[in-house]
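Just so we're aligned, residue 0 is where the sequence shown starts under numbering that gives the first Met the number 0, counting upward by one.
C-beta atoms are modelled at their ideal positions from N, C-alpha and C, and glycine is treated no differently.
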Amino acid sequence: MEIRLDGRQYLELRPINIRIGVFHGLSGSSDFSMGLSRATAVAWQPEETNNIRGKSYLDVIIRPNSGSTGDTEKLLELYCTRVLEDIIDFKQIPRCIVSVAIQVISQDGPIFPICFNAAVLALLDAGIPMTTTPLAISIAEACTYQLNDLSKHIIIDPNGEEIDKCISCSHYIVSSRSNQIIACLIAKGTGITYNDKIYDFDSISIAIAGTKVLCNYIRNYLQKTLLDNVGKSYDNNIS
0 MEIRLDGRQY LELRPINIRI GVFHGLSGSS DFSMGLSRAT AVAWQPEETN
50 NIRGKSYLDV IIRPNSGSTG DTEKLLELYC TRVLEDIIDF KQIPRCIVSV
100 AIQVISQDGP IFPICFNAAV LALLDAGIPM TTTPLAISIA EACTYQLNDL
150 SKHIIIDPNG EEIDKCISCS HYIVSSRSNQ IIACLIAKGT GITYNDKIYD
200 FDSISIAIAG TKVLCNYIRN YLQKTLLDNV GKSYDNNIS
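Shown next as structure tokens:
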């Protein structure tokens, strides 16, 4: 089995840690990290809106770990809003606004899945009704040279060094209920190409398997360690 630069296998996630209810007194909050990438999120209880359209909607704010909010954060806010607005069951909270604030703590690789998953956990903690629990994961297509031969392979959850060197990278959002892809966002290149010589599994199968690992970790956390401030270790290998 091939080993990546950080010691992981191709189909292995970085260490996962979660905390829910990290800010006492707020409606919902979470802390989510994979490896060195980490974000915290706060979700507030629905508030009645004076929107002239009379529709409920979601407001997402993402703050970078340093500096002011830029185009990158604005784009991530748009992605999160579009996906989560389709997931939140606004029929149960008509004419309301749901607000979510995400703070990036550190980044090593794609930050969208970290921010998105932190937001989902905060919404769960706030008791916001959702039709499913969506989770996000990044899949990248990398290449290495061995004896002057180009070898392509798919890796899950790339870190910063890997994302700089990869050919392409996509973020997959998967429904934990149906195990179906809800959305796919291209982060680099033209997305993952199909090549039966790359790996035995396609990127969609890998994404679904990866989010299953996340879902199982979260489920175990909620069942066994909800009052614990430290996430437990977990077997992140999905191969």
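Give me the Cα-Cα distance between residue i and residue j, rounded to the nearest whole angstrom.
i	j	result
Tyr56	Cys79	12 Å
Lys196	Lys151	Residue placement at Lys196 cannot be trusted, given a pLDDT of 44 that sits under 50; what the coordinates show is reported in the next sentence. About 8 Å.
Gly66	Pro14	27 Å
Val41	Ala208	27 Å
Pro93	Pro128	12 Å
Ser26	Val97	11 Å
Leu10	Cys142	15 Å
Lys187	Lys164	11 Å
Arg218	Thr210	12 Å
Gln222	Asn215	10 Å
Asn178	Gly24	34 Å
Ser29	Trp43	12 Å
Leu74	Tyr220	31 Å
Arg176	Ser137	19 Å
Ser32	Ile19	12 Å
Ala117	Gln106	14 Å
Ala242	Asn64	Residue 242 lies beyond the range of the chain shown here (0 to 238); nothing can be said about it.
Val82	Asp5	31 Å
Ile203	Phe115	18 Å
Thr132	Lys90	17 Å
Asp58	His170	21 Å
Asp70	Ser174	28 Å
Glu72	Glu160	21 Å
I think residue i touches residue j, with their Cβ atoms under 8 Å apart; what is that distance to the nearest whole Å?
i	j	result
Ala135	Cys168	Incorrect: roughly 12 Å between the Cβ atoms, too far for contact.
Ile61	Thr130	The Cβ separation is near 23 Å, so there is no contact.
Val99	Leu77	With a Cβ gap of about 13 Å, Val99 and Leu77 do not count as contacting.
Ile104	Thr39	6 Å
Phe111	Leu184	7 Å
Gly108	Ile162	5 Å
Ile154	Arg3	7 Å
According to DSSP, residue i sits in a beta bridge with which residue or residues?
i	result
Phe89	None, per the DSSP bridge assignment.
Ala40	Ser29, Ile101
Lys187	Cys168
His152	Ala141
Arg18	Asp30
Ile242	Not covered by the structure: residue 242. The range shown for the chain is 0 to 238.
Leu134	Val173
Ala182	Ile172
Relative to the C-alpha of residue i, which residue among the options is closest?
i	options	result
Leu35	Gln44, Leu25, Leu12	Leu12
Val119	Ile17, Arg3, Thr71	Ile17
Ile172	Lys164, Ile181, Ile166	Ile181
Arg7	Asn158, Gln222, Ile205	Asn158
Val21	Asp124, Cys114, Asp201, Cys95	Asp124
Met54	Pro63, Glu84, Thr68	Sequence check: residue 54 is Lys here, not Met. Cα-wise, what sits closest to Lys54 is Glu84.
Asp156	Gly126, Ile113, Thr132, Ser174	Ile113
Asp88	Ser202, Gly126, Glu160	Gly126
Thr68	Glu46, Gln102, Gln91, Pro45	Gln102
Cys95	Val59, Glu46, Phe115	Glu46
May I ask you to check if the CB of residue i is nearer than 6 Å to at least one heavy atom of the ligand MN?
i	result
Ala206	With respect to small molecules bound, the structure shown includes none, and the ligand MN cannot be examined in it.
Quick one: does residue i have its CB under 7 Å from some CB of chain B?
i	result
Ser177	In the displayed structure, chain B is absent; only one protein chain is listed.
Discussion item. Quick check for students: name the residue ranges of the beta strand (DSSP E) that lie wholly in the segment 43-71, counting only runs of 3 or more.
Written reply: 56-62
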